[in-house]
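Here is the structure we will look at.
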Amino acid sequence: MLSEKEYQERLDRIQALRERLAKRLSGSLVSNPALAEELNGQIDDLVEAATAADGNQPTPPDGGLAALVGLGPQAAQQFGEALTPHGVVPYDEQVNSERIVAVGDLYYLYQHEQIGVFKVVRKLKELFEAGAVRLSAGPGAYRLYQFDRRDVLRYTRRDRVDAYRRVLGYGRGLGSAQSRPNTDFHMLFGHFVNQVTLFWRDKRISDVIRERALDPSFGSIAVVRRSGLDLRNNLKFTSFGHLNVMRVELMQVLDEAFKILGSPDVIDLFGADNAWDVVDEVLIRYFDERLQSSPRQRMAVTGRDVLRWLAGPHILETARGEFEALLMQIAEPAEEWLTSAQAMSLARRTGSDRVMPWEQLGQSGIATPVVERSPVTIPPIMQPRRRMPSPVYPKRNGRGTYRGGRTGRRASAYPRP
567 MLSEKEYQER
577 LDRIQALRER
587 LAKRLSGSLV
597 SNPALAEELN
607 GQIDDLVEAA
617 TAADGNQPTP
627 PDGGLAALVG
637 LGPQAAQQFG
647 EALTPHGVVP
657 YDEQVNSERI
667 VAVGDLYYLY
677 QHEQIGVFKV
687 VRKLKELFEA
697 GAVRLSAGPG
707 AYRLYQFDRR
717 DVLRYTRRDR
727 VDAYRRVLGY
737 GRGLGSAQSR
747 PNTDFHMLFG
757 HFVNQVTLFW
767 RDKRISDVIR
777 ERALDPSFGS
787 IAVVRRSGLD
797 LRNNLKFTSF
807 GHLNVMRVEL
817 MQVLDEAFKI
827 LGSPDVIDLF
837 GADNAWDVVD
847 EVLIRYFDER
857 LQSSPRQRMA
867 VTGRDVLRWL
877 AGPHILETAR
887 GEFEALLMQI
897 AEPAEEWLTS
907 AQAMSLARRT
917 GSDRVMPWEQ
927 LGQSGIATPV
937 VERSPVTIPP
947 IMQPRRRMPS
957 PVYPKRNGRG
967 TYRGGRTGRR
977 ASAYPRP
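Below, the structure written as structure tokens:
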């Protein structure tokens, strides 16, 4: 541990080193901006190495308090001799990638649920059992029978709806086991996608209007990183529990459903070309629904790609060149998701809202304050004697998508049909 004088002298030397290098290489830095980033990175590495070496040195049992207040033989004669720590360990931004990937798969499943894939299979099963369709012993008919027999072992539709509500915040009512829904997910996810698209929009503009197109763009990677970290931190506390097992089972169910819909006898029954045509035909013929298969399916694919990218360590990259190269992986998926969501009035394209105010965000999952939790999830020692009223959540408008609002309503125990 350094003394206060040594601590201050080290900081002054570091600043003097940066200033001297900037003066000597000023001409080269103007023509080659990447050189400045490389020099700052090397200096930062040296500072981190010196800080780590200081942390390995033995410290007094009292942490230097006796020397500071002037007690004992090691008492400081001057203020500069008092020991000064560098600080605490930074907040751990690392998140288990498996849990974020599970959220991405659940988002993928939710969009297919909204399209009506599972509803179509259930309707087809009803028609098959009633003998109302010309299916008998073909591969599709046999798979329908197997699908029905295995149904008792799977998570029910109510379980799926509760999981969507708890993790993604979509739907109405409470989440699984009457937990608080993650109402901030859609807002944070849309904000992150907006910042990614804004970053690449700024980069495209800089490539056109600037003389050297290979120079780093004037897009802010700090804003993109902050929005991504806010979303990861939100999912960090809502991705525990049975989510990982459920998404594996539901992905198997979705795959089995498309094998049924893509069977030759089922395709011939509806005069379709593929499984998606069967889905659209059943939705039109038996449910009289307005089709949303195309935008929802693209939202499912691109949204999962964005969340999978967020599961990796790329968001923690500080070097501009490396960050841009890694962010390019989701440049087009983010633009496509935003365009599809905007076409369905599920998101809006912003140009000035760069930062999401922290006071507008709530807490979800295990990070929820006890007073905001459902009585089922409150520890017994903290439950009041009187019955706690149900929590009030923000107003929702249109297809269960969070749109904000100052008014609230009391949440019901289960979503409306």
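When you number the sequence shown by this note's numbering, it's gap-free, plus one each residue, and the end is 983. Here a beta-carbon is modelled for each residue, glycine too, at the ideal position from N, C-alpha and C.
Three-state secondary structure (DSSP) at residue i?
{"i": "SER786", "result": "coil"}
{"i": "SER702", "result": "coil"}
{"i": "THR804", "result": "coil"}
{"i": "HIS857", "result": "Here the sequence assigns Leu to residue 857, which means His is not the residue at that position. DSSP places LEU857 in coil when its eight states are reduced to three."}
{"i": "THR625", "result": "coil"}
{"i": "SER569", "result": "strand"}
{"i": "THR905", "result": "helix"}
{"i": "LEU637", "result": "coil"}
{"i": "LEU587", "result": "helix"}
{"i": "THR763", "result": "helix"}
{"i": "LEU649", "result": "strand"}
{"i": "PRO594", "result": "Note on residue identity: the sequence assigns Ser, not Pro, to residue 594. Note: SER594 maps to helix in three-state DSSP."}
{"i": "LEU912", "result": "coil"}
{"i": "ASP750", "result": "coil"}
{"i": "LEU740", "result": "coil"}
{"i": "VAL654", "result": "coil"}
{"i": "GLY756", "result": "helix"}
{"i": "ALA618", "result": "helix"}
{"i": "GLN712", "result": "helix"}
{"i": "SER793", "result": "helix"}
{"i": "GLN574", "result": "helix"}
{"i": "GLN863", "result": "helix"}
{"i": "GLY697", "result": "coil"}
{"i": "ALA607", "result": "Checking the sequence shown, residue 607 turns out to be Gly, not Ala. DSSP places GLY607 in helix when its eight states are reduced to three."}
{"i": "ALA582", "result": "helix"}
List the whole-angstrom C-beta distance separating residue i from residue j, where the pair is believed to meet the contact cut-off of C-beta under 8 Å.
{"i": "PHE684", "j": "ILE826", "result": "At roughly 11 Å, the Cβ-Cβ gap does not stay under 8 Å, so PHE684 and ILE826 are not in contact."}
{"i": "LEU605", "j": "LEU587", "result": "6 Å"}
{"i": "SER829", "j": "GLY706", "result": "3 Å"}
{"i": "ASP873", "j": "VAL669", "result": "Strictly speaking, residue 873 in this sequence is Leu, with Asp absent from that position. Confirmed, about 6 Å."}
{"i": "ASP628", "j": "HIS652", "result": "Not really, about 18 Å apart at Cβ, beyond 8 Å."}
{"i": "ASN748", "j": "VAL727", "result": "Actually they are not in contact, since the Cβ atoms of ASN748 and VAL727 sit about 14 Å apart, beyond 8 Å."}
{"i": "ALA729", "j": "LEU809", "result": "7 Å"}
{"i": "LEU710", "j": "LYS691", "result": "6 Å"}
{"i": "ALA632", "j": "ALA641", "result": "7 Å"}
{"i": "GLU883", "j": "LEU892", "result": "6 Å"}
{"i": "ILE984", "j": "LEU795", "result": "Past the boundaries of the shown model lies residue 984; the chain is included only from 567 to 983, so the question cannot be answered."}
{"i": "VAL655", "j": "LYS802", "result": "No, VAL655 and LYS802 are not in contact; Cβ-Cβ is about 17 Å, not under 8 Å."}
{"i": "VAL762", "j": "ILE896", "result": "6 Å"}
{"i": "VAL699", "j": "VAL845", "result": "About 15 Å; that fails the 8 Å criterion."}
{"i": "GLY887", "j": "ALA600", "result": "7 Å"}
{"i": "ALA885", "j": "GLU603", "result": "6 Å"}
{"i": "ARG864", "j": "GLU902", "result": "6 Å"}
Considering only the beta carbon of each residue, do residue i and residue j sit closer than 8 Å?
{"i": "ASN760", "j": "LEU672", "result": "no"}
{"i": "TYR721", "j": "GLU815", "result": "yes"}
{"i": "ILE681", "j": "ARG862", "result": "yes"}
{"i": "HIS757", "j": "SER793", "result": "yes"}
{"i": "THR650", "j": "SER594", "result": "no"}
{"i": "ASN800", "j": "ASP750", "result": "yes"}
{"i": "ARG584", "j": "ILE609", "result": "yes"}
{"i": "ALA909", "j": "HIS678", "result": "no"}
{"i": "GLN644", "j": "MET567", "result": "no"}
{"i": "LEU675", "j": "MET817", "result": "yes"}
{"i": "PHE824", "j": "ALA841", "result": "yes"}
{"i": "GLY704", "j": "ASP843", "result": "no"}
{"i": "ARG746", "j": "GLY739", "result": "no"}
{"i": "GLY646", "j": "LYS571", "result": "yes"}
Buried or exposed: where does residue i fall if 16 or more other Cβ atoms within 10 Å of its Cβ makes it buried?
{"i": "PHE765", "result": "buried"}
{"i": "SER805", "result": "buried"}
{"i": "VAL667", "result": "buried"}
{"i": "ASP834", "result": "exposed"}
{"i": "MET812", "result": "buried"}
{"i": "LEU876", "result": "buried"}
{"i": "ALA913", "result": "buried"}
{"i": "SER702", "result": "exposed"}
{"i": "VAL848", "result": "buried"}
{"i": "THR868", "result": "buried"}
{"i": "VAL635", "result": "exposed"}
{"i": "ARG579", "result": "exposed"}
{"i": "SER911", "result": "exposed"}
{"i": "ARG939", "result": "Because ARG939 carries a pLDDT of 49, less than 50, the predicted location of this residue cannot be relied on, and no value is offered for it."}
{"i": "LEU797", "result": "buried"}
Between which two residues does the alpha helix (DSSP H) holding residue i run?
{"i": "HIS678", "result": "663-681"}
{"i": "ALA823", "result": "809-827"}
{"i": "ALA838", "result": "Run containing ALA838: none; DSSP gives neither H nor E here."}
{"i": "SER893", "result": "The residue asked about is misnamed: residue 893 is Leu in this sequence, not Ser. Here the alpha helix (DSSP H) through LEU893 covers 886-893."}
{"i": "ARG723", "result": "723-729"}
Does the ligand GTP have a heavy atom nearer than 7 Å to the CB of residue i?
{"i": "THR884", "result": "Absent from the structure shown: the ligand GTP. Ligands present: none."}
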